[in-house]
Structures are given as structure tokens and as C-alpha cells.
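In the numbering used here, the protein residues as written are 1 to 93. Every residue, glycine too, gets a C-beta built ideally from N, C-alpha and C.
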């Protein structure tokens, strides 16, 4: 366990201690978000599998969350298309 800082300046924004604390918080947040993304993806894939999605929703799921068999490679064009769609989605949010 690392020693506790002795002064307020060690916790100042931009200090090494602050940056480490920030990194830990961000990694924890990232893990929580990735868990939510995975659960959402699994639910959408399940709905797609049972035919509960419209054609537009199916296209979204199949583009953003393409199924990949372990050990196979995804078409590079599909990867690029997905990357572009995700970027546009982030920019429009």
C-alpha cells in the first residue's frame, strides 16, 4: 500500500498523486461502462436471434455488434464501416 500524502499540494490537479487517483477512477469507470455495453450487446443479440427487432434495428445490431467465430478474422471493410458509424454516433450524441 502506498503511503498517504502529507500535504495538499500532492493532491493538486496535475500532480502525480492526483493523476494516479484519476487513472484508477477512470479505469474503474471504464470497466463499469464496458460491462454495461456487453450486457446491452448480449440483450440486443438475443432479441435479434428471436426475431424481435425491426429490419433497421437488425442492421444496427449486425453492424455495431457483428458476430465473430473465435479464431476467425472480421472483414476489414466491415471493421472500417463500424468504426465510422461509431464515430458518427459519438459526434451526434
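Residue 24 and residue 18 have their alpha carbons spaced roughly 10 Å apart. Taken through DSSP and simplified to helix, strand or coil, residue 40 comes out as helix.
Only buried fits residue 44, as 16 or more other CB atoms lie within 10 angstroms of its CB.
Here the alpha carbons of residue 79 and residue 87 stand approximately 12 Å from one another.
In the structure shown, the three-state DSSP call for residue 88 is helix. In terms of Cβ geometry, residue 61 and residue 42 do not form a close pair [threshold 8 Å].
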